[in-house]
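Asks: Structure in structure tokens, see below.
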Amino acid sequence: MSGYSGSEPLSRTAALDANASGRAAPVSQSHRLRSGGLIDRQSPLQFSFDGKTMTGYAGDTLASALVANGVKLVARSFKYHRPRGIMTAGSEEPSALVEMRTGARREPNTRATTAELYDRLMANSQNRWPSLRRDFMSINSLLAPIFVAGFYYKTFMWPAKFWETVYEPMIRRAAGLGKSAELPDPDHYDKAWAHCDVLVVGGGSAGLSAALAAGRAGARVILCEEDSRVGGRLLSDGGDIDGMHAADWLRRATDELASLPNVRVMTRTALFGVYDGGVYAALERVNDHVAVPGPHQVRQRVWRIVARRSVVTAGAIERPIVFPGNDRPGVMMASAVRTYVNRFAAMPGRRVALFTNNDDGWRTVEAIQRAGGEIAAVVDPRGRAPAKYQAVAGLRDVRVLTGGVSDVKRGVDGVRSIVVTGRNGLTQQIEADCLAVSGGWNPNVGLSCFHRGKPVWRDAIAAFVPGDAPRGMTTAGAANGEFSLGACLRDGHAAGVAAAAECGAAGNAGEAAEACDDIYAISPLWQVKAKGKAFVDFQHDVTASDVTLAQREGFESVEHLKRYTTLGMATDQGKTSNVNGLAIMAEATGRTIPETGTTIYRPPYAPVAIGALAGHHRDENFHAWRLTPSHHWAAELGAVFVDTGLWKRAQWYPKPGEKDWLESVTREVLSVRNSVGFCDVSTLGKVDVLGPDAGTFLDRVYINTFSSLAVGKARYGLMLREDGIVMDDGTTSRLAEDHYFLTTTTAKAGPVMQHLEFCRQVLWPDLDVQLTSATDQWAQFSIAGPKTRDLLQAVIEPSEDLSNEGFPFMGAREVKLRGGIVARLFRISFSGEMAFEMSVPACYGEALARNLMIAGKPFGVTPYGTEALGVMRIEKGHVAGPELNGTTTADDLGLGKMMSKKKDFIGRVMAGREALTAPNRQVVVGVKPVDPVRRLRSGAHVVPKGVIPGPETDQGYVTSVCFSPVLAQWIGLALVERGRGRFGEIVRIHDPLRSEDYEAEICNPVFYDPEGVRQRG
Amino acid sequence: MRIACPFCGERESGEFTYLGDASPKRPNFAVDSVAGPEPAEDAFYDYVYLRDNVAGVMREYWYHGGGCRSWLIAERNTVTHEFGSVTAAPGAGATKLAQAGE
Amino acid sequence: MKYSIFSLAKAALSGHKGWTRAWRDPAPKNHYDVVIIGGGGHGLATAYFLAREYGIRNVAVLEKGWIGSGNAGRNTTIIRSNYGLPGNTGFYELSMKLWERMEQDLNYNAMVSQRGIINLYHSDAQRDAFARRGNTMRINGIDAELLDAAQIRKELPFLNYDSARFPIMGGLAQRRAGTARHDAVVWGYARAADQRGVDIIQNCEVTGFTRINGRISGVETTRGTISAGKVGMAVAGNTSRVAAMAGMKLPIESHVLQAFVSEAIKPLIPGVITFGAGHFYISQSDKGGLVFGGDLDGYNSYAQRGNMPVVEDVCEGGMAVMPMIGRVRMLRQWGGIMDMSMDGTPIIDKTPIDGLYLNAGWCYGGFKATPASGLAFAHLLARDEPHSEAALFRLDRFRRGAMIDEKGQGAQPNLH
Amino acid sequence: MVDYLWNAQSPLQKELVAGRHGVTAGQAGVTLTEIRGIMLVQVMARRGKAVETAKAAKKLFGVEPPSTPKAVIGKIATLIWSGPDQFLAFAARSADSQFGKLAEVFAGIASLSDQSDGRCLSQISGPRAREALAKFSSLDLDDTMFPPGATATSSVDHTPVNIWRDANGADGEAVFNLLVFTSFADSLWKTIVASALEYGLEASSAHAE
């Protein structure tokens, strides 16, 4: 709200046109005014509600179009299924929630008050059956005496098993509001970043004033407005600014803002969160005002706005008064009545009663009268018109009653009459088809409280105003408790100037626009106590007596009140109910409202679609992916790919006629074991470790020694975490005195790089060592099998000596390839075969694969994937991810002897703790089923033979399995208690998950060529 | 959350990885110590596991892995999330240091 | 007054004027046999079991704010016992068994709803890890089922099977898992403990400890000094702060974990689902809101609120696995302070200080542990020895190297 | 003897489809060009040798390497700040390149790592380029904050990238260079294309000059 003055609203409205005519105004709009309003009468739009077709105009919201069509009943409430209408004209709407669109685009709980009308809009009421008018569940109203706050905690306990089978399904079906789509959301979303000096939140009078000031001063400004146009309450209440009509001022202000290159105005953009360091989140409804977004268009966009300062000019929300029948369709906030009349030229009622406890509400009288409606009566507990209005023509005839509204009688469509109880206790009934209510205004303190700041009570306006705002944020205008137009403009201007100055923008900000300063007088009235359900939280059906019941039962803290009654937990987050609820609690406990306090304000300010928060990151784009240098070549060959972290790796290369993966993998393994094959292992992490102290550095991060490694040699290394548990392994080669080439596992490349940088920069900055990732620079292939040398000799320059003497096991050096390329060659073996790893610059990776295929043709060279790689490493008893599981020590893996005793290294001390060196630890062993045709499965547990499996007898589990083509049976690695001393023991493999139970032998984990003859051959 | 990298300027927190309290210092471990493993294990236990878990301003390690790959030491209030000074780890650049670092 | 449909109906006749406080509001006495610091689920359950199982009724629960204001009131309400390591498995199953009879024990409907949990897996390695875990469960007498992709598709047809970045290969199901109404658990224990004589004292913040000859003899509070035979701490989230008053430093860090709830919608999701290739898990409350969450923000925090990157990360996970929720709106986000221990597993133990007992380090397993934590802590306080199912939750396990590290992440709390 | 061909292959061989994408009406809002054939060497000063490194660079390139996030154009290479006391030497791949001299010039004073194939370079320009960039980069690329010559090490899709700004193009529009890790190139290209479709995208590839 931005204050008021006595002048006319923004768009001059004309008398109600009950018999509308003319081609642009179809007859159905029975409650549309003949002229006026910010609607485009040249653009009629058809829409349907609950299957009934109606028309409205461009510029309408669904709510205003329904009002214009005389529709009052639009929803049913959550618990009692009471009929509900439209209460507000903004995003605080608690009642008028509808289901929009259909099918995969069905969208529950949309506020009719914020949904812009578009042609062929389809909306349906929700939470009713079979129809809105005849809702079977309204039978709940009869049970209302039982359905009080927290009733479900006291019952549904007997018999115990009825909860899941009977009671809960019943409750769940009854609960909820709309129905979500059950198909993938077909629309697109994205997310973007924006940066500015000053973010202005809310484009009403104060916000425009702030943006103008900061923009003129030279700051980079973003102004966000949730509505489809800026103006705020000016659009509904008008006023005179700088001697001109508000509409003219508004036009001038928006023109000026558009002319400033440093100012960006974002409409349909609602700020929903305030995060640390000046990060704000906003939702732009890019295409919600059309049926379906256009090609390449998103439906909504989430903005993260990084702002050095923010000025929150988010206005205020009018609050209801709690009295029996205050939820009837046709009971509407007074400001909303004015919005529908003035902005949308739609009459909420022909005979309107007003119930207000403050001066602002009185402007509704003028609005209705000007539009040709009738004022049935004004009920004001103060008993007379404010001084300002006493002289106004038309008001003289208005009936003013003291006291309060104590009941609302309902006709078929909504309010039929109201009952007014005077201060003397006498009641009278007054006919009216609409009741406008104003209980005062609550500044929108939510955004300013998102960092747990507490709002402060201000008696003069009987409302909370912002307290400790997040760093960098100021509030201005009605959000700051300034309720006159003049003050809003001044306050906004001052805030804009100050925020800009703090960002170093000190240009001429001009003067604040001027408007008159009306006094806002209010006499707090929270509740009219009378018989009947008086609602505090409309959507959750929380009544005044629920609040007092909670108090009686000891739920006195506001947070207990909220949780026990669900007050303020509905989709409006209590925007219209919280303050009333705690006022009633305050009265019941004899405390003041500030003593009672508020619940915590939490983002989002208004609900945000989950799809928007995900943006582009869904389906295949959920996470980025990494491709190996030979990816497209492998795809050509029909490889099956597997996700390994972010990488896509060739898992196996099926050939025509192969019946399953096992057949392909077995072929690949046998080809390697019998001849030669190759595998893209570029996914291994690769790090250049450079500088004179590189060797010393590696000595400290690895458990074994690297400073003594000769240039031209490679060594297997193992590193621990500082807690003594194994972190990663890999081979590291010394390519020059001051150059080591370190490799990591695929999974740990990132964490290891981070760890190494920590060691270099934090732990040992005295060491002269430099690190850089070389993972993506190199395409690396493992070439393995007895024919490896033959194959390599074909691609490598003949001058290079690949013999055992010329290139011994664990040798590492550069070689020239035929055709002029230089490669790095490492004689290392994961498969246990005679093998080399070769790396070439990544751009030649695909060429290398193709050339290996050509060179290896005589030997039947076979590309193999990660499955075959895994089979061969299990046959060789090499540990990998399943064994390096973050809980195993070097000794658990059989690598304890590698731990140097001559030096400190990361993890050395902690690895010595008693429980990590206990003799009964589970260590890596081999297992093979006694029955050679039995399939072994990972995750099966190991228990001693002849005992009953139980927590006490569970001795370990199978970590990795494969079908070994050379042994022609399933084999595996396992972590087994005291396993190394149990080779030859028959144990029970217990796998209840898969209903399997069989015997296996514990054995040496190296199943294949335990002497290592082949890899050295 | 925004973090002012001393090299890159203010950046989005998503570019950084968090390690935690920068107060614990890695103990020196003398290989030839005759005191037995206990004292060293006690010292490392303290370093690896025990935390002041400050409610207030804490010095902590952040790694600008999604940026310039520098380890940083930031002062940050764990109650308000507000950052104070952010400085580079001693070995972030090429400065030569006589002593071991943090 | 006993709660039942009959008492409810009777009360309705008198306009519900007859209900009295669910628990008393006593002034603190000078002395209690046991003082529990922390009026969350764990503290209140401890007091309840002390009174019910161990006959110790002169007990006070001190709460600095309103009961349930910590993590008991800001979690995602999931209960399950699908743990894989000795120490955890039996303990969480004890908890599950106590959940299963909670309503009858407490005469309070905490809406324990065993609609099951399915942890999805997306790789062979994940399947194997789940198989190991599921088998551990079965060996411990806990229900577990390993489902393949076809079975998952039949049960949860609305997940993304056709265009997933990380395809769903199957899942580990525990049918007895589910959710409970978190606040009701707090209120139910409070009422039941109160009925057995326990004093629940709200707005009473502990500001220090009193000692006699080194032994803890009581606490100083904002409502005066209270002497105690024994003092138990159940203040997860603020453990380090309270421990510091006694001069203790612990293997614990406080981290923020965010959670989210959507607008209420008609039933859409049957049980609890966790996404294995991102940070996302979800269930639907009886009221209709989708309750979902993901990973820690990743930095130490006492702020009870988090930041945008995790909001986005969680929603991206949600859309990746369940693209039908794109148009459902997130209604509220909140943050709890997780007492993150160095191995991801809790501590229920005596402290090195005589008379002071510790219940801490719940990471994000605290809610599901509530009943067993109360029982085990009560046992420890009453008997001075650990409960058999909590025997491995010792404080000295880190020094000894006997960590219980389900995730294998080591001493880095933000990775657990 | 078989002739082995060593064709250099771009990581974008599948994902880059030259031509117009997205909205087709009017001028393309974004142009996206892969720049092929680059040489890139990471130069990291050794401890205590930052000054010597700068001197050696000056001798070879005619300019000192930037000590803050900037890109400076030297004789045979552009020097792009990539972290404290380190930079990337970037040039078009050519037969007469003098990059071979780097090892000699920096011997003992800086460590080098060849990254010519570890990164993939693309160039983004056009009247709507900043709007597209705002969807995947959290950097403030406003003229006042990121003028020509500015550079940043940052992240896209949780992946490290180097971004630097060239002189404006002939059309007066800002030109942004984006260096991404090779294995991510396919994925990030798709992200960039998606962000630009609503503005109309012209995609192409070119050889570095």
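Residue numbers (the working numbering), protein chains in the order written: chain A, 249 to 1265; chain B, 146 to 247; chain C, 112 to 527; chain D, 84 to 292.
Note that the Cβ used here is the ideal one computed from N, Cα and C, for glycine as well.
#1: Mind checking who W900/A pairs with in its DSSP beta bridge?
#2: If you drop the 5 nearest sequence neighbours on each side, which residues of the same chain put their C-beta closer than 6 Å to that of I229/C?
#3: How is Y1256/A classed by DSSP in three states: helix, strand or coil?
#4: If we cut at 9 Å on Cβ distances, does N268/B have a partner in chain C?
#5: What are the boundary residues of the alpha helix (DSSP H) that H1238/A is part of?
#6: Does the CB of P509/A have a neighbour CB from chain C at under 9 Å?
#7: Am I right that A1032/A and G925/A are in contact with their C-beta atoms under 8 Å? What's the rounded C-beta distance?
#8: What is the DSSP secondary structure of V1261/A, reduced to helix, strand or coil?
#9: Can you tell me whether R598/A is buried or exposed, with buried defined as 16 or more other CB within 10 angstroms of its CB?
#10: If you follow the beta strand (DSSP E) that H104/D is in, where does it begin and where does it stop?
#11: Would you list the residues sitting across from M967/A in a DSSP beta bridge?
#12: For the alpha helix (DSSP H) holding Y532/C, just list the boundary residues, first then last.
#13: Do you know how far the Cα of L171/D is from the Cα of E906/A?
#14: Should D136/C be labelled buried (16 or more other beta-carbon atoms within 10 Å of its own) or exposed?
#15: Could you name the residues of the same chain whose beta carbon sits closer than 7 Å to that of A158/C, not counting the 5 residues immediately before and after it, in chain order?
#16: Report the residue from R576/A, A882/A, K896/A whose alpha carbon sits nearest the alpha carbon of G780/A.
#17: Which one or two residues does DSSP pair with E532/A in a beta bridge?
#18: Express the C-alpha separation of K427/A and M435/C in angstroms, rounding to a whole number.
#19: When the Cα atoms are used, what is the spatial distance from S919/A to P1213/A?
#20: Please work out which residues of its chain come closer than 8 Å, Cβ to Cβ, to A431/C, disregarding the five sequence neighbours upstream and downstream, and give them in chain order.
#21: Given that M127/D touches chain A, what residues does it touch there, using C-beta distances under 9 Å?
#22: Between Y1246/A and the rest of its own chain, which residues show a CB-CB distance below 8 Å, the 5 nearest in sequence each way excluded?
#23: Please say whether V527/A and R147/B have beta carbons closer to each other than 9 Å?
#24: So what's Y988/A in DSSP terms, helix, strand or just coil?
#25: Residues of chain B with CB under 9 Å from T107/D, in chain order?
#26: Quick one: which residues of the segment 992 to 1026 of chain A get their C-beta closer than 7 Å to a C-beta of chain B? List them in chain order.
#27: Under the rule that 16 or more other beta-carbon atoms within 10 Å means buried, what is N198/C, buried or exposed?
#28: For Q237/C, which residues does DSSP report across the bridge?
#29: Identify whether L1100/A lies in helix, strand or coil by the three-state DSSP scheme.
#30: I want to verify the contact list: residues of chain C whose CB lies under 7 Å from the CB of Y194/B, in sequence order.
#31: Which residues mark the beginning and the end of the alpha helix (DSSP H) in which F478/C is found?
#32: Less than 9 Å separating the beta-carbons of R438/C and D433/A?
#33: Compile a chain-ordered list of the residues in the segment 198 to 214 of chain B whose CB is closer than 8 Å to at least one CB of chain A.
#34: Below 6 Å CB to CB, which residues in the same chain sit around E355/A once its five sequence neighbours on both sides are set aside?
#35: Beta strand (DSSP E) containing P691/A: first to last residue?
#36: Can the beta-carbon of L447/A be found less than 9 Å from the beta-carbon of V469/A?
Replies: Reading it off the structure:
#1: The secondary-structure analysis by DSSP pairs W900/A across a beta bridge with V888/A.
#2: G282, A284, I384
#3: Y1256/A falls in the coil class under three-state DSSP.
#4: No answer is possible for residue 268/B: it lies beyond the span of chain B, which begins at 146 and ends at 247.
#5: Element bounds for H1238/A: not the alpha helix (DSSP H) but the beta strand (DSSP E), 1234 to 1239.
#6: no
#7: 6 Å
#8: helix
#9: buried
#10: 102 to 104
#11: Answer by DSSP bridge pairing, in chain order: D976/A.
#12: Outside the modelled stretch of chain C, which goes from 112 to 527, sits residue 532/C, for which no answer is possible.
#13: The straight-line gap separating the alpha-carbon atoms of E906/A and L171/D is approximately 49 Å.
#14: Exposed.
#15: Around A158/C, the same chain offers I147, V170, V172, A304, V309 as residues with beta carbons nearer than 7 Å, after the five sequence neighbours per side are excluded.
#16: Taking only the C-alpha atoms, the option nearest G780/A is R576/A.
#17: T517/A, R549/A
#18: 12 Å
#19: 10 Å
#20: N271, A275, R276, F277, F386, A388, G389, F391
#21: Within chain A, the C-beta atoms nearer than 9 Å to that of M127/D come from L938, G939, Q1018, L1019, T1020, in chain order.
#22: P1177, V1178, D1179, R1182, R1236, I1237
#23: yes
#24: strand
#25: By Cβ distance, chain B contributes nothing, its closest Cβ being about 34 Å from T107/D, past 9 Å.
#26: Q1002, E1005, F1006, R1008, Q1009, V1010, L1011, W1012, P1013, D1014
#27: What sits at residue 198/C in the sequence shown is Gly, not Asn. G198/C counts as buried, since no fewer than 16 other beta carbons sit within 10 angstroms of its beta carbon.
#28: Q237/C pairs with nothing; no bridge assigned.
#29: helix
#30: P362, M453, F509, A522
#31: That run of the alpha helix (DSSP H) goes 477 to 494.
#32: The Cβ atoms of R438/C and D433/A lie closer than 9 Å to each other.
#33: Legend: CB atoms of the segment 198 to 214 of chain B lying less than 8 Å from CB atoms of chain A belong to residues Y206, Y208, G210, R214.
#34: The residues M348, R349, in chain order, have a CB closer than 6 Å to that of E355/A in the same chain once the five nearest residues on each side in sequence are set aside.
#35: DSSP places P691/A in the uninterrupted beta strand (DSSP E) bounded by 689 to 691.
#36: yes
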